[in-house]
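Undergrad: Each protein sequence line maps, in turn, to chains A and B. The first sequence lines up with residues 16 to 223 when you count with this note's numbering. The second sequence lines up with residues 3 to 317 when you count with this note's numbering. Pasting in a structure now, in C-alpha cells, and then I'll have a few things to ask.
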Amino acid sequence: MLRRIWLTVLFAVLLTGCSSTPAVPTATPGIPGVKPVSPPVQVENFTLTGMNGSPAHLKDFEGKNVLMVFGYTHCPDICPVTLARFKQIKQLLGADADKVQFIFVSVDGNRDTPERLTEYLGLFDKDFFGLTGSEDEARAVITLFDGVFTIKDAEGLRKDYLVEHTASSFLMDAEGRWVRTYEYNTDPNIVATDMLKVISSPSATSSS
Amino acid sequence: MRSRLMLLVVVCFVGMALAFSSVVADDGLYVRVAHLSPMSPQVDVFVNGSKVFEALDYRAVSEYVSVPAAALQVVVVPAGGEIADSVTEAPLDIDLAAEHGFFTLAAIGILEDGTFDIILLPQDGAMMDMGMGMGMDMNAPMMPEKASITVDTISISGAYARATTDMPMGNMGGMAEATPEGGMAMGGMAEATPEGGMAMGGMSMNMNDVSAAYMHIENTADQPDVLLSATTDVSDDAQIHQTTVDASGVAKMEHMEGGIEIPAQGSIDLAPGGYHIMMMNLKRPLAMGETIHLTLSFQSGVTISFDVPVMPIGM
Numbered sequence: 016m017l018r019r020i021w022l023t024v025l026f027a028v029l030l031t032g033c034s035s036t037p038a039v040p041t042a043t044p045g046i047p048g049v050k051p052v053s054p055p056v057q058v059e060n061f062t063l064t065g066m067n068g069s070p071a072h073l074k075d076f077e078g079k080n081v082l083m084v085f086g087y088t089h090c091p092d093i094c095p096v097t098l099a100r101f102k103q104i105k106q107l108l109g110a111d112a113d114k115v116q117f118i119f120v121s122v123d124g125n126r127d128t129p130e131r132l133t134e135y136l137g138l139f140d141k142d143f144f145g146l147t148g149s150e151d152e153a154r155a156v157i158t159l160f161d162g163v164f165t166i167k168d169a170e171g172l173r174k175d176y177l178v179e180h181t182a183s184s185f186l187m188d189a190e191g192r193w194v195r196t197y198e199y200n201t202d203p204n205i206v207a208t209d210m211l212k213v214i215s216s217p218s219a220t221s222s223s
Numbered sequence: 003m004r005s006r007l008m009l010l011v012v013v014c015f016v017g018m019a020l021a022f023s024s025v026v027a028d029d030g031l032y033v034r035v036a037h038l039s040p041m042s043p044q045v046d047v048f049v050n051g052s053k054v055f056e057a058l059d060y061r062a063v064s065e066y067v068s069v070p071a072a073a074l075q076v077v078v079v080p081a082g083g084e085i086a087d088s089v090t091e092a093p094l095d096i097d098l099a100a101e102h103g104f105f106t107l108a109a110i111g112i113l114e115d116g117t118f119d120i121i122l123l124p125q126d127g128a129m130m131d132m133g134m135g136m137g138m139d140m141n142a143p144m145m146p147e148k149a150s151i152t153v154d155t156i157s158i159s160g161a162y163a164r165a166t167t168d169m170p171m172g173n174m175g176g177m178a179e180a181t182p183e184g185g186m187a188m189g190g191m192a193e194a195t196p197e198g199g200m201a202m203g204g205m206s207m208n209m210n211d212v213s214a215a216y217m218h219i220e221n222t223a224d225q226p227d228v229l230l231s232a233t234t235d236v237s238d239d240a241q242i243h244q245t246t247v248d249a250s251g252v253a254k255m256e257h258m259e260g261g262i263e264i265p266a267q268g269s270i271d272l273a274p275g276g277y278h279i280m281m282m283n284l285k286r287p288l289a290m291g292e293t294i295h296l297t298l299s300f301q302s303g304v305t306i307s308f309d310v311p312v313m314p315i316g317m
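Right, here's the structure in full:
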C-alpha cells in the first residue's frame, strides 16, 4: 500500500517536474557548475569559417541564445562527452530548444576542416553548428571568454597531437551578452534549467 | 525544502533516463537500480542472494541486468558489504508481476530517518504507453551489454568503447546491400562510381579516427597492482591517459607512462573525463553493436584479453 502511494506521488512529480516549464526553483547564485557573468559582457562580433566553408559571424546568430564550447574533433575524451551533454540539454529544453544555437568552435583549424567538422558534429546533432579557423583566429575568439588552448606539438612533427583547451561552455543571451559559464561536467539538467531561466527572462540575468 | 527540491530535480532526471532507455520486445526480465537516496553511501545491491549491482553512487542508475524470476528479494548494503550488512532490517520483497520486460527499482528516502525504501517504478515500456515516451525510437537497437571479466586477482566490469559513427553495425551492412551494385565487393564499389561511393561515403562520412575505452577495474589482491598497458585490434596506438580539468576549466590529457596504480583490495574507474584507454588512428570506424578486442597488462603478470562492446557516441 505504502508503495503504491509513493508511486503515485512520484508519478505526479514526474509529470509536473518534466514539463517544459519546470517547477524548478528560481536559481540562486551558487549553483555548482554554474558561474553567472556579472555584469554580462557584450561579446564583440567575430568571424570564423562555418561548416559550409564560408565566413560565419557571431552576429549571424543574433536573436538566439548561443551555447558555445571550444574543442577539436580528435579530442578522445572530453569533447564527445560535452557534445553528448549538449544533445541532452537540447532535449531537456524541449520547445525552447529552437531559441538556442549550439556552437562548437574548433581550436584545431589545422586538422578540423569545415567538412570534418560537419561530419563530426553530425554524429551528435545535425543542428549543432561548427566554426573553425586559423590558430590565431581561434585564439582571438577563445580569449573573449577568458579561455585558452595549447597545441601539444611543439616541434610541429606529430599528426596525432593533442590540444589542451578550456572545456567550459559559455552562454550568450539573445542580445549577444555572455551571461553564464558552465563548468565542463555540470549536469545537463542543471544547465538546461538555468538556461530556461535566461531564455525566459533575459533581463533578469543582468541582476543575478 | 531544499531536499524536496532536490528530490524533484532527481526524479525529473530519472524520468528522462527512463524515457530515453531503448525498450524492445524481449523475452527476458530485466531490472536496473536507481540510487535516489540522498545522504546514503555508495551501495551494492544483492538480488536473490547474489550481488548484481556494485558501487552505485547517489544519483547513479545501473545497467539493466537479467533476472530469472519476477519475485525479487532485494538487499542494499554499503559498497563492499555482505548481505548481513543490509541497511534495512529485512530484505525487501519486490514482485515484478510480469513474465518479461524492463523494470527500474528506485532506492528512495533517507536512511537515517527510516524513510528509506525501494520502490518499483512503472514498467519502463509502460511509461511509453502513457504518453511519456518523449520521442523514443521503438526501432532503436538495444543497448549492448557492457563487458565483465575476472582473471586471477583482477575483475573488470562495465567495459565499453565509444562508437565513432552514429550508424549501428546492422545498418551499415544494409546500406551496402541496398546499392544498385549490390553484388559487387564493397571495396570495388567505392572505387567504381561516385554514385556507388555515396553509400560507402555515408559510412565513412560519419567517421572519427579516435576513440576511448572505459571500465571499472577491481584488484582483489592484498598488494597494489598497476595497469601497465593496453593493446587493441582496432588501433596500433592505444595508450593509458588521464584527463584532468584544472581550476580554470582547462582540460589536459596526460599519458600515464607508468600506468595506473590500483590499490590492494581497491579499484579504479576509467570513465569519461578521467582515466581512459585512448585509441588513436583507428583502423576502422567503430559502430554500435560490434565489439573490439582489448588486451590489458598488469604489473602482477595478469594479462586480460577480452571483447568490449561499442556503445553509442552520444553516451
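Yeah, the Cβ is synthetic: ideal placement off N, Cα and C, and Gly gets one too. Here the structure is a predicted model, which is why all the values come from computation and not from measurement.
Would you say Glu150 of chain A reaches chain B, if we count a Cβ-Cβ gap shorter than 8 Å as a contact?
TA: No, Glu150 of chain A lies away from the interface with chain B (no Cβ there is under 8 Å from its Cβ).
Undergrad: One question on the structure: do Ile96 of chain B and Leu107 of chain B come within less than 8 Å of each other, judged by their Cβ atoms?
TA: Yes, Cβ-Cβ distance for Ile96 of chain B and Leu107 of chain B is below 8 Å.
Undergrad: Does the beta carbon of Thr158 of chain A come closer than 8 Å to any beta carbon on chain B?
TA: No, no contact with chain B.
Undergrad: Would DSSP call Asn229 of chain A helix, strand or coil?
TA: For chain A, the structure presents residues 16 to 223; residue 229 of chain A sits outside this window and is missing.
Undergrad: State the start and end residues of the unbroken alpha helix (DSSP H) segment that holds Ile205 of chain A.
TA: Looking at the DSSP string, the run of the alpha helix (DSSP H) that includes Ile205 of chain A is 203 to 215.
Undergrad: When DSSP labels each residue in this structure, what does Gln103 of chain A get in the three-state scheme?
TA: The answer is helix: DSSP assigns Gln103 of chain A an H, G or I state.
Undergrad: At least one CB of chain B closer than 8 Å to the CB of Ile46 of chain A: is that the case?
TA: Not one chain B Cβ lies under 8 Å of Ile46 of chain A.
Undergrad: Who does Ala36 of chain B pair with in a DSSP beta bridge?
TA: Ala36 of chain B is bridged to B:Val63, B:Ala108.
Undergrad: Does DSSP put Tyr135 of chain A in a helix, a strand or coil?
TA: Residue state, collapsed to three classes: helix.
Undergrad: Closer than 7 Å, Cβ to Cβ, to anything on chain B: give me those residues from the segment 118 to 130 of chain A, in chain order.
TA: Here the close residues number zero.
Undergrad: Examine chain B for any beta-carbon lying closer than 8 Å to the beta-carbon of Ala42 of chain A, and answer yes or no.
TA: Residue placement at Ala42 of chain A cannot be trusted, given a pLDDT of 41 that sits under 50; what the coordinates show is reported in the next sentence. Not an interface residue.
Undergrad: Could you name the residues of chain A that Ala86 of chain B contacts, counting a contact when the two beta carbons are closer than 8 Å?
TA: The contacting residues do not exist; Ala86 of chain B stays about 25 Å from chain A at best.
Undergrad: So is the beta-carbon of Thr62 of chain A under 7 Å away from any non-hydrogen atom of the ligand ZN?
TA: Annotation note on the ligand ZN: not contained in the displayed structure, which lists no ligands.
Undergrad: For chain A, check one thing: does any of its Cβ atoms lie closer than 8 Å to the Cβ of Asp309 of chain B?
TA: Cβ-Cβ to chain A under 8 Å: no for Asp309 of chain B.
Undergrad: Check the Cβ of Ser183 of chain A against every Cβ in chain B and list those closer than 8 Å, keeping chain order.
TA: By Cβ distance, chain B contributes Gly251.
Undergrad: If we define contact as Cβ-Cβ less than 8 Å, is Pro95 of chain A a contact residue for chain B?
TA: Interface residue, yes.
Undergrad: Please list, in chain order, all residues of the same chain as Gly175 of chain B whose beta carbon is under 6 Å from its beta carbon, the five residues on each side excluded.
TA: Residue confidence for Gly175 of chain B is low, a pLDDT of 39 falling below 50, so the modelled location carries little weight; the figure read from the coordinates is stated next. Counting only Cβ-Cβ distances below 6 Å, and skipping sequence neighbours, we find nothing.
Undergrad: Applying a beta-carbon distance threshold of less than 7 Å, which residues of chain A neighbour Ala214 of chain B?
TA: Within 7 Å Cβ-Cβ: Pro91, Asp92.
Undergrad: From the beta carbon of Asp175 of chain A, is the nearest beta carbon of chain B less than 8 Å away?
TA: Asp175 of chain A counts as touching chain B.
Undergrad: Residues of chain A with a CB under 7 Å from the CB of Ile270 of chain B: which are they?
TA: Correct list: empty, because the minimum Cβ distance to chain A is about 16 Å.
Undergrad: Quickly, what does DSSP pair Ser307 of chain B with across the bridge? List them, please.
TA: DSSP output for Ser307 of chain B lists B:Thr297 as bridge partner(s).
Undergrad: Taking a contact to mean a Cβ-Cβ separation below 8 Å, would you say Val49 of chain A touches Asp209 of chain A in this structure?
TA: Against a cut-off of 8 Å, the Cβ pair of Asp209 of chain A and Val49 of chain A comes out as a contact.
Undergrad: Pairing CB atoms from the segment 43 to 53 of chain B with CB atoms from the segment 258 to 270 of chain B, are three or more of them under 8 Å?
TA: As far as the Cβ criterion goes, the segment 43 to 53 of chain B does not touch the segment 258 to 270 of chain B, which means the pair count is below three.
Undergrad: Within this structure, are the beta carbons of Thr76 of chain B and Ile85 of chain B separated by less than 8 Å?
TA: Reading the sequence as shown, one finds Val at residue 76 of chain B and not Thr. Result no, Cβ atoms of Val76 of chain B and Ile85 of chain B do not sit closer than 8 Å.
Undergrad: Determine whether the beta carbon atoms of Asp140 of chain A and Lys79 of chain A lie at a separation below 8 Å.
TA: No, the pair does not count as a contact, with Cβ atoms beyond the cut-off.
Undergrad: Pull up the DSSP beta-bridge partners for Thr62 of chain A, would you.
TA: Answer by DSSP bridge pairing, in chain order: A:His72.
Undergrad: Just the chain B side, please: which residues come within less than 7 Å of Val163 of chain A by C-beta, in chain order?
TA: Going along chain B in sequence order, the residues near Val163 of chain A (Cβ under 7 Å) are Val252.
Undergrad: Is the Cβ of Leu211 of chain A closer than 8 Å to any Cβ of chain B?
TA: No - not a single Cβ of chain B is within 8 Å of the one on Leu211 of chain A.
Undergrad: Would DSSP call Val24 of chain A helix, strand or coil?
TA: Unreliable positioning characterises Val24 of chain A in this predicted model, as indicated by a pLDDT of 47, which lies under 50. The coordinate reading is nonetheless provided below. In this structure, Val24 of chain A counts as helix in the three-state DSSP scheme.
Undergrad: Which class does Leu108 of chain A belong to by DSSP, given the choice of helix, strand or coil?
TA: If DSSP states are grouped into helix, strand and coil, Leu108 of chain A belongs with the helices.
Undergrad: Quick one: Cα of Ser196 of chain A to Cα of Phe160 of chain A, how far?
TA: One point to set straight first is that residue 196 of chain A is Thr, not Ser, in the sequence displayed. Distance between the alpha carbons of Thr196 of chain A and Phe160 of chain A is about 9 Å.
Undergrad: Below 6 Å CB to CB, which residues in the same chain sit around Ala128 of chain B once its five sequence neighbours on both sides are set aside?
TA: Its pLDDT being 42, under 50, Ala128 of chain B is placed unreliably by the model, and the measurement read from it follows with that caveat. Nothing listed; no residue qualifies.
Undergrad: Check each candidate in A:Asp188, A:Gly86, A:Glu77 and name the one with the smallest Cα separation from Val156 of chain A.
TA: Selected option, being the one with the closest Cα: A:Gly86.
Undergrad: For the beta strand (DSSP E) that contains Ile279 of chain B, what are its first and last residues?
TA: 277 to 282 is the extent of the beta strand (DSSP E) around Ile279 of chain B.
Undergrad: Going by the beta-carbon positions, is the gap between Gly162 of chain A and Val58 of chain A smaller than 8 Å?
TA: No.
Undergrad: If you drop the 5 nearest sequence neighbours on each side, which residues of the same chain put their C-beta closer than 6 Å to that of Phe61 of chain A?
TA: Once the five neighbours on either side are set aside, the close Cβ partners of Phe61 of chain A are Leu73, Val156.
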